[in-house]
Amino acid sequence: MADTSLNAANSNRPAHSEPTHLTGDASQADIDSIRTQTSVFVYEWPVRLWHWLNALAITVLIVTGWFIASPLPSMDFSEATFQFVMGYMRFTHFAAGMILTVGFFGRIYWAIVGNQHAKQLFYVPIWRKTWWKEVLIELKWYAFLEKMPRKYVGHNPLAQIAMFMFMTVGLSFMILTGWALYSEGAGQGSWPDYAAGWVLTLFGNSQIVHSVHHLGMWFIVIFMIIHIYAAIREDIMSRQSMVSTMISGTRTFKD
129 MADTSLNAAN SNRPAHSEPT HLTGDASQAD IDSIRTQTSV FVYEWPVRLW
179 HWLNALAITV LIVTGWFIAS PLPSMDFSEA TFQFVMGYMR FTHFAAGMIL
229 TVGFFGRIYW AIVGNQHAKQ LFYVPIWRKT WWKEVLIELK WYAFLEKMPR
279 KYVGHNPLAQ IAMFMFMTVG LSFMILTGWA LYSEGAGQGS WPDYAAGWVL
329 TLFGNSQIVH SVHHLGMWFI VIFMIIHIYA AIREDIMSRQ SMVSTMISGT
379 RTFKD
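Following my numbering, the numbering of the sequence shown begins with 129 at its first residue and continues without gaps.
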């Protein structure tokens with residue numbers, strides 16, 4: 129059986145670049161590619177496009193959502209008939225929400241027809257013992273208790289949990305509650321009402337839905353901060369590309 133280690137190119141490399149085992153969701157084709165190129169193609173263009181459009185839409189939703197929940201102390205810079213600031217804010221929020229929704233359904237479609245790495249966002253292999261061992265190793269690595277990082281082609285196990293909880297589950301929750309609130313203005317019998325109006329009944333009233341939707345925004349803000357920190361940290365410390373991978377689609381292993 130072929131060895132799945134990433135071999136050092138020469139013996140003069142520094143100690144921190146000693147070869148480490150390639151683990152996670154790497155296929156034999158991935159391993160063969162890494163042996164000859166020290167890189168492997170991971171994310172197809174629809175995944176990369178969705179990632180950046182999704183990031184932009186979420187940023188717009190956070191900014192406009194914050195102003196909708198906490199308007200500026202005074203909007204008296206002109207007569208009400210000559211300014212429509214909060215109206216434009218709500219319109220931008222709704223438009224970004226619609227883009228987010230269409231993109232999310234497109235991402236689900238690509239998880240079905242795309243490569244194996246496109247599917248990672250939508251499942252967590254909790255039935256695999258080896259996966260839980262890798263979760264523990266990643267926890268130790270992020271806590272600076274592990275000296276050498278593991279190499280992954282797709283998401284590492286800890287990142288997979290975070291992406292599943294905050295993207296798959298979290299976005300589903302925000303989309304449902306957002307459309308439920310939108311259905312109030314659309315009115316009974318409208319397609320938003322048929323699609324998500326039941327959420328208002330489930331929670332009891334729209335004020336509760338407003339509150340949990342706003343709370344969900346803060347959870348996503350926290351996730352974004354951690355996500356950006358972890359990506360930059362791994363790019364530097366684990367010596368494998370992270371940020372550039374979501375631009376080019378290729379994961380490069382520096383050791």
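Glycine included, every Cβ here is placed at the ideal spot set by N, Cα and C. Here the structure is a predicted model, which is why all the values come from computation and not from measurement.
Residue interval of the beta strand (DSSP E) (run including residue i)
{"i": "Val-168", "result": "167–169"}
Close Cβ partners of residue i (< 8 Å) along its chain, the five nearest in sequence each way excluded
{"i": "Val-263", "result": "Pro-285, Leu-286, Ile-289"}
{"i": "Gln-316", "result": "Gly-325"}
{"i": "Phe-218", "result": "The question names Phe, yet the displayed sequence has Arg at residue 218. Closer than 8 Å at Cβ, skipping near neighbours: Thr-192, Ile-196."}
For residue i, three-class secondary structure by DSSP
{"i": "Lys-382", "result": "coil"}
{"i": "Lys-261", "result": "helix"}
{"i": "Tyr-280", "result": "strand"}
{"i": "Asn-243", "result": "coil"}
{"i": "Lys-268", "result": "helix"}
{"i": "Ile-384", "result": "In this structure the chain extends from 129 to 383, so residue 384 is not present and cannot be described."}
{"i": "Ala-154", "result": "coil"}
{"i": "Leu-273", "result": "coil"}
{"i": "Leu-181", "result": "helix"}
{"i": "Gly-377", "result": "coil"}
{"i": "Glu-172", "result": "coil"}
{"i": "Phe-212", "result": "coil"}
{"i": "Pro-199", "result": "coil"}
Boundaries of the alpha helix (DSSP H) in which residue i is found, first to last residue
{"i": "Ser-372", "result": "Unbroken run through Ser-372: none, as it is neither H nor E."}
Cβ-based neighbour list, residue i, same chain, cut-off 6 Å, excluding 5 preceding and 5 following
{"i": "Leu-200", "result": "none"}
{"i": "Phe-351", "result": "Phe-294"}
{"i": "Phe-331", "result": "Val-337"}
{"i": "Lys-247", "result": "Ala-239"}
{"i": "Trp-178", "result": "Gly-231, Arg-235"}
{"i": "Met-370", "result": "Ala-359, Glu-362, Asp-363"}
Residue i: CB within 7 Å of a non-hydrogen atom of the ligand PLP
{"i": "Ala-358", "result": "In terms of ligand content, the structure shown is empty, and the ligand PLP therefore cannot be addressed."}
Own chain partners of residue i with C-beta closer than 7 Å, once the 5 adjacent residues on each side are dropped
{"i": "Leu-309", "result": "Ser-334, Val-337, His-338, His-341"}
{"i": "Arg-379", "result": "Ser-167, Val-168, Val-170, Val-281, Gln-368, Ser-369, Thr-373"}
{"i": "Val-327", "result": "Leu-304, Thr-305, Ala-308, Val-337"}
{"i": "Glu-274", "result": "Ile-265, Lys-268"}
{"i": "Ser-139", "result": "Caution is warranted here: a pLDDT of 40 is assigned to Ser-139, below 50, making its placement in the model unreliable, and the coordinate value is therefore given only provisionally. Cβ neighbours of Ser-139 beyond the five flanking positions: none."}
Worksheet entry | Sufficient close CB pairs (3 or more, under 8 Å) joining the region 317–337 to the region 228–236 | no
Practice prompt. Quick one: which unbroken alpha helix (DSSP H) runs of 4-plus residues sit fully inside the region 291–354? Chain order, please.
Written response: 298–314, 319–331
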